[in-house]
Structures are given as structure tokens and as C-alpha cells.
Amino acid sequence: AQSVAQPEDQVNVAEGNPLTVKCTYSVSGNPYLFWYVQYPNRGLQFLLKYITGDNLVKGSYGFEAEFNKSQTSFHLKKPSALVSDSALYFCAVRGRYNTDKLIFGTGTRLQVFP
Amino acid sequence: AAGVIQSPRHLIKEKRETATLKCYPIPRHDTVYWYQQGPGQDPQFLISFYEKMQSDKGSIPDRFSAQQFSDYHSELNMSSLELGDSALYFCASSDRQGRGGTDTQYFGPGTRLTVL
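Sequence lines, in order, name chains A and B.
First residue of the first sequence: 2, per our numbering; consecutive thereafter.
First residue of the second sequence: 173, per our numbering; consecutive thereafter.
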């Protein structure tokens, strides 16, 4: 069965410091991996995805993520956090064959303090 | 850039009533997906349509049905509403053709359904 784990319910970081939001996955075969961000009363906004190729993926708003096959991880990172980055972040996986659905992790709330 | 449009944004219904949620995908997107997000939970996949045909099915109750129309918009019909149906319902769309599943799902703002 496919699954995604986000081990941290909340991550706190000071503005200007680097941030990491963790994600591990379990899926048969090679996965398609996604990060989305959800602001209050808003929909899910796409940040970035890994399909194949370079393990470091760059996305919107200065975010990037590193795919690590041996550790089955896809951690989201940003070199310098902004207060406006405070939101709920979801990691998601999509199997390669015969499925449309994204399987989401439970979400990590990022709080960036001034 | 145009985004996914959902209507209504908020809906309040009584138990056992019916509700219809509408979704208008990004122009030229051929695939529509529906997800349900309960309070404090992650989104759960309900159903999807590609070129007006059902493509995949998730944990959608039998009381719910959906379809995609010739103009690619989609409607989620919910009958015999229960208190537990109170949730945020997201529609997403993607441009699937030829992408072998690598297409990105872009989400709308959601419809918040409250069942009293």
C-alpha cells in the first residue's frame, strides 16, 4: 500500500533561518512526489514535484526539495524562511500506474517567527 | 493565470438534504479530480474524470455521484447528507493527455459544506 508520512505536526523557525519540512514515503516502484501548501481558507497550492532526473527539485517561492531514494524521503527546504511562509504543508505521492489519486501526508504546520 | 473555479464557496444544508457542488477546470485541462478534507485532516481522493469518463474511484460514498460534462466542468452530487459529510471539498484539474501520469493537479479554493 502507498503511504506518506510527515513526522512533524509543527515546525517552528525564525525568520531568515533555513527551514526543513520532512516527508517519507512508501510506494511500490518509483513514485511521483509532490509538495503543496495550504493557507487558511485557501485551496492547496502546488509548490513542486519530483518525477525523474535530478534529485534536487526547485519550485515556487524559493522552495526546493531533495529526493532520496535510499531513504525514501522527499524533504522540503528553503534557505531563508519568511514570516509569510507560515502555512500548512502537505507532501503527496502518486503511484505511477493505474491511479489518479494523490495520497497526502497528515500535513506539517510551519510557523515562522519574526 | 486562470485557476480552478468552485461554486458555491460555502454551503449549509440540513441532514438528509441534497447538495450539488460545481467545478470549472483550468481552460484546456481535460481531467478533473474531487477530494474531501475533513477538519484537521488531509485531503482524501473521491473520484476523477478524464475526457468525461470516470477515470479512478476512491473512497466515495454510494450516496455521492459525479460527472464531467462536455465543457469539462464537473459536478459532485451528494444525497441524504449526514453530519459526517461536513468538510471542505476540493476540485482539482490537470492536463493529462500524453503525460503518463506526471501531470500536476491544480486545486481550486474548495467548497465548505456544513451539514446541520
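In this text, a Cβ means the ideal position worked out from N, Cα and C, and glycines have one as well.
Am I right that residue i and residue j are in contact with their C-beta atoms under 8 Å? What's the rounded C-beta distance?
i	j	result
residue 77 of chain A	residue 93 of chain A	Wrong, their Cβ atoms sit about 12 Å apart, outside the cutoff.
residue 216 of chain B	residue 281 of chain B	That pair is no contact at about 18 Å.
residue 109 of chain A	residue 12 of chain A	6 Å
residue 253 of chain B	residue 194 of chain B	Incorrect: roughly 17 Å between the Cβ atoms, too far for contact.
Enumerate in chain order the residues of its own chain whose CB-to-CB distance from residue i is below 6 Å, with the five nearest sequence positions on each side excluded.
i	result
residue 229 of chain B	219
residue 38 of chain A	46, 48, 88 and 90
residue 50 of chain A	35
residue 192 of chain B	247 and 249
Considering just the uninterrupted stretch of the beta strand (DSSP E) at residue i, what are its terminal residues?
i	result
residue 47 of chain A	45-51
residue 192 of chain B	191-196
residue 176 of chain B	Here residue 176 of chain B belongs to no beta strand (DSSP E), and DSSP marks it neither H nor E.
residue 241 of chain B	Where residue 241 of chain B is concerned, there is no enclosing beta strand (DSSP E), given that its DSSP letter is neither H nor E.
Suppose the cutoff is 7 Å on Cβ atoms and the five residues either side in sequence are ignored; what does the same chain contact list for residue i look like?
i	result
residue 25 of chain A	6, 73 and 74
residue 180 of chain B	283
residue 237 of chain B	249
residue 240 of chain B	204, 221, 224 and 246
Near residue i, what residues of its chain come up, given a Cβ to Cβ distance below 8 Å and the 5 sequence neighbours on each side ignored?
i	result
residue 18 of chain A	81 and 82
Original post:
Between the stretch 257-270 of chain B and chain A, which residues of the former have a C-beta closer than 7 Å to a C-beta of the latter?
Top reply: Answer set for the stretch 257-270 of chain B: 262.
Original post:
In the stretch 19-103 of chain A, which residue ranges form an unbroken alpha helix (DSSP H) of at least 4 residues, counting only runs that do not cross its ends?
Top reply: With a minimum length of 4 residues, no continuous alpha helix (DSSP H) run stays inside the stretch 19-103 of chain A.
**OP:** Would you list, in chain order, the members of the stretch 98-110 of chain A that have their beta-carbon closer than 9 Å to a beta-carbon of chain B?
**Re:** Listed by position along the chain: 98, 99, 100, 101, 102, 103, 104, 105, 106, 107 and 108.
Original post:
What are the complete alpha helix (DSSP H) segments, minimum 4 residues, inside the stretch 203-233 of chain B?
Top reply: The DSSP assignment places no complete alpha helix (DSSP H) segment of no fewer than 4 residues inside the stretch 203-233 of chain B.
Original post:
When you check each C-beta in the stretch 202-220 of chain B against every C-beta of chain A, which residues fall closer than 7 Å?
Top reply: Residues passing the 7 Å Cβ filter: 205, 214, 215, 217 and 220.
Subject >> Near-chain B residues of the stretch 48-60 of chain A (beta-carbon distance less than 8 Å), N- to C-terminal order >> reply: Residues 50 and 52.
**OP:** Anything in the stretch 58-83 of chain A with a Cβ closer than 8 Å to a Cβ of chain B? List those residues in chain order, please.
**Re:** Contacts with chain B (Cβ-Cβ distance below 8 Å) from the stretch 58-83 of chain A involve no residue at all.
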